[in-house]
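Q: One structure, as structure tokens, below. Some questions next.
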Amino acid sequence: GIQVEQSPPDLILQEGANSTLRCNFSDSVNNLQWFHQNPWGQLINLFYIPSGTKQNGRLSATTVATERYSLLYISSSQTTDSGVYFCAVEFTSGTYKYIFGTGTRLKVLA
Amino acid sequence: DTGVSQNPRHKITKRGQNVTFRCDPISEHNRLYWYRQTLGQGPEFLTYFQNEAQLEKSRLLSDRFSAERPKGSFSTLEIQRTEQGDSAMYLCASSDTAGGSYNEQFFGPGTRLTVL
Chain A
1 GIQVEQSPPD LILQEGANST LRCNFSDSVN NLQWFHQNPW GQLINLFYIP
51 SGTKQNGRLS ATTVATERYS LLYISSSQTT DSGVYFCAVE FTSGTYKYIF
101 GTGTRLKVLA
Chain B
111 DTGVSQNPRH KITKRGQNVT FRCDPISEHN RLYWYRQTLG QGPEFLTYFQ
161 NEAQLEKSRL LSDRFSAERP KGSFSTLEIQ RTEQGDSAMY LCASSDTAGG
211 SYNEQFFGPG TRLTVL
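See below:
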């Protein structure tokens, strides 16, 4: 069936370290978004990236649609980066399907 | 642009009561979505509207749930005869399919429901 899987599920970093989060999806997509969910539950848009590469400050993302994966890079991590990171995918096939990945819980230590 | 707003932010109710949540999307966004998120999980799609038409409903949306978007602007989600299993965060999102980033969704702060 249609799946969206993220890895790693949990990540602990020291402040200043870099990290790569991965999102694998099982079928062709119309769009893909990365979100950061803060401790209060608010989903914050990071990237809208159905294909290609984008950068925003210390964050960048790459989606290779033909190989069905997306990567989120966080450089020089800060304690405020802590939280849960989700990718969310809209699949092209069948009935509208907008599915969130399993999430990566990131904790950045001072 | 004030973003997506949701009211109330928190709701505590007793099992068997009815509850209604409201979502105000970003103005002129033609699509509006409802999701449910339980502790430790990602949001799960419930339903979406394009303007005032409800175009899809998830299997998660039992017959106790009903959603409306009467004038293509704000939306309400009603849960009848609440059960403890309905306790969750209910999230609303909106998007503009005519924009450059097709269907990029923006989320509200959510309504946290606790059923006692």
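As you go down the protein sequences, you meet chains A and B in turn. The first sequence runs 1 to 110 under this note's numbering. The second sequence runs 111 to 226 under this note's numbering. For every residue, glycine included, the Cβ atom is placed at its ideal position computed from N, Cα and C.
1) Report the rounded CA-to-CA distance for F216/B versus Q127/B, giving the unit in angstroms.
2) Report yes or no: do the segment 13-33 of chain A and the segment 82-102 of chain A share at least 3 C-beta pairs separated by less than 8 Å?
3) Determine the closest residue to L170/B out of T207/B, S137/B, P153/B, E138/B, with distance taken between C-alpha atoms.
4) What did DSSP end up calling Q127/B once you bin it into helix, strand or coil?
5) At the 8 Å Cβ level, is G83/A part of the contact set with chain B, yes or no?
6) Do three or more CB pairs link the segment 188-203 of chain B to the segment 131-148 of chain B at distances below 8 Å?
7) Assuming L59/A contacts Y73/A under a Cβ cut-off of 8 Å, what Cβ separation, rounded to an integer in Å, is found between them?
8) Can you say whether I122/B is buried or exposed, counting buried as having 16 or more other CB atoms within 10 angstroms of its CB?
9) Give, in chain order, every residue of the segment 41-58 of chain A whose Cβ lies closer than 7 Å to some Cβ of chain B.
10) Which residues does DSSP pair with D173/B in a beta bridge?
11) Can you pull the chain B residues whose beta carbon is under 8 Å from the beta carbon of E168/A, in chain order?
12) By DSSP, does D134/B sit in helix, in strand, or in coil?
13) So which of L32/A, N45/A, D10/A, I44/A has the shortest CA-CA distance to V64/A?
14) Of all Cβ atoms in chain A, is any one closer than 8 Å to the Cβ of Y212/B?
A: Based on what the coordinates show:
1) 30 Å
2) yes
3) From the listed residues T207/B, S137/B, P153/B, E138/B, the smallest Cα separation to L170/B is found for P153/B.
4) coil
5) no
6) yes
7) 7 Å
8) exposed
9) G41, Q42, L43, N45, Y48
10) Looking at the DSSP assignment, D173/B forms no beta bridge with any residue, so it has no partner.
11) Nothing can be reported for residue 168/A: it is not among the residues displayed for chain A, which extend from 1 to 110.
12) Strand, per DSSP.
13) L32/A
14) yes
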